[in-house]
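In terms of the numbering used here, the sequence shown opens at residue 120 and continues consecutively. Cβ coordinates follow ideal geometry from the N, Cα and C atoms, glycine included.
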Amino acid sequence: VVLRAEGEGLRDTSLGDLRTFSLLRNQQADSDAPSPSHSHSERPTVREVQGEVPLTDLAVTPLGDGGFSVSYRPGGMGEVAIEVSLKGVEVTGSPFRLRVGPAEADPPNCTVELGGALAEAVVRVGLVSSVEVRSFDVFGNERTAGGDTFEAWLLSPGADGSAERKVLALEEMGDGSYTCAFSMAAPGAHELHVHLDGQPISDSPYLIDVAAGADAPAVEPPLPEGSPADAPAGADGFAQVALEPQPPVNAVPAATAAGESASVAAAPADEDLL
């Protein structure tokens, strides 16, 4: 009996997936031969001959037309060669070489690494923060290709006290990681949510307490021209200002020379006015 192998189970696959392929009679070669009745000794042998990927749950089931259905699950990741033979003779194309990669991403196993301002002891408004999401499968293997549908968003305190939702655009890096950068616009309690296929990933949501931005330097009001602040500084660092002496209010004018008395005109006596 001449058999040929075909099916998805002979192509690259993912860890833990149930894979199947068929062993069919070559009708051109066996057109004149009757359909055989299978005995245990006539069943094909299927085994891995290269690589370190075991074939688990291996089953070979006879079909009514003289062919067989083969099913298995890859029990590891890497390269593997599958040999298929009947009565010691390999079928055409054997051994079949394929690669086994990680399984599909599993939300509870995926992780987030916080960077930028989020890695500081105090997160402040306006500082750039970063997020890196890493994809892992159900077996804990890190995925090394993209294609996962992660979603990320921030819930931030709004001006009216309600929560505002801001969607974050994750960039696919092609190696199983997804990144984005953003900044907080307001102080208060924020929530970072990351979901995969509608399910929260590990530890999501992440609670972030944001403080106000760094204190700005105090701005003094401008001083009028001629004020001490505008005068040049002296050797001691203090402003040098020339002050004009002002006479006291209701004071008698000072003498014009040292030792002279102030002269005051006396009021005329009454008799002089008569």
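Continuous beta strand (DSSP E) stretch holding residue i: start and end
{"i": "Glu-261", "result": "Segment: none, Glu-261 is in no beta strand (DSSP E) and carries neither H nor E."}
{"i": "Leu-237", "result": "Segment: none, Leu-237 is in no beta strand (DSSP E) and carries neither H nor E."}
{"i": "Thr-268", "result": "That residue, Thr-268, is in no beta strand (DSSP E); it is neither H nor E in DSSP."}
{"i": "Cys-299", "result": "296-302"}
{"i": "Ala-282", "result": "282-287"}
{"i": "Thr-180", "result": "174-181"}
Three-state secondary structure (DSSP) of residue i
{"i": "Pro-193", "result": "strand"}
{"i": "Gly-307", "result": "strand"}
{"i": "Leu-326", "result": "strand"}
{"i": "Gly-128", "result": "helix"}
{"i": "Glu-161", "result": "helix"}
{"i": "Pro-221", "result": "coil"}
{"i": "Pro-226", "result": "helix"}
{"i": "Ile-320", "result": "coil"}
{"i": "Leu-137", "result": "coil"}
{"i": "Gly-293", "result": "coil"}
{"i": "Ser-213", "result": "coil"}
{"i": "Arg-123", "result": "strand"}
{"i": "Leu-246", "result": "coil"}
Cβ-Cβ separation, residue j to residue i (assumed contact under 8 Å), whole Å
{"i": "Gln-318", "j": "Pro-226", "result": "4 Å"}
{"i": "Val-231", "j": "Ile-327", "result": "Not a contact, Cβ separation roughly 12 Å."}
{"i": "Leu-143", "j": "Arg-166", "result": "With 8 Å as the limit, Leu-143 and Arg-166 do not qualify as a contact, their Cβ atoms being about 20 Å apart."}
Pair within 9 Å by beta-carbon distance, residue i and residue j
{"i": "Ser-302", "j": "Val-247", "result": "yes"}
{"i": "Phe-258", "j": "Gly-128", "result": "no"}
{"i": "Ser-190", "j": "Leu-137", "result": "yes"}
{"i": "Val-219", "j": "Pro-193", "result": "yes"}
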